[in-house]
């Protein structure tokens with residue numbers, strides 16, 4: 001997913017990537033061959049903190065992978081398919097608390 005950030009002057013990106021879109025970008029930039037295991041992914045991506053919402057919430061890749069019932073993936077698509085509901089759950093959980101609701105309302 002991606003969302004437009006608040007207007008700013010400078011060299012900021014046009015969109016903020018989060019969830020699967022942010023992870024897909026990290027995967028594309030890394031030297032990963034499939035099949036790949038959880039441990040190999042965490043090492044290759046240096047246990048990256050993946051943003052799961054536009055408000056800046058992040059989760060470490062290793063923590064997100066703990067919620068997936070398997071530990072080996074034959075393709076990038078399979079990996080992203082398994083992680084999509086994990087990121088969605090993090091996003092929903094963050095928006096259900098008061099701080100998450102306030103962040104969603106404010107333009108920062």
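Residue numbers (full-length UniProt numbering): 1 to 108.
Built from N, CA and C at the ideal position, the CB exists for glycine as well.
All values reported here derive from a predicted model rather than from experimental measurement.
Nearest Cα to residue 41 within the set 21, 55, 64 and 54: 64. Residue range 58-60 is occupied by the beta strand (DSSP E) that includes residue 59. Proximity to residue 67 across 74, 83, 73 and 25 peaks at 83, based on C-alpha coordinates. When the alpha-carbon of residue 49 is set against those of 81, 77, 22 and 79, the nearest one is in 22. Nearest Cα to residue 44 within the set 74, 88, 27 and 79: 27.
The beta-carbon distance between residue 71 and residue 34, rounded to whole angstroms, is 14 Å. This is too long to meet the 8 Å contact definition.
Between residue 87 and residue 36, the alpha-carbon positions lie close to 20 Å from each other. Boundaries of the alpha helix (DSSP H) harbouring residue 42: 38-44, taken from the DSSP string. Nearest neighbour of residue 79 by Cα position, chosen from 24, 17 and 18, turns out to be 24. The three-state reading of DSSP puts residue 86 in helix, counting H, G and I together.
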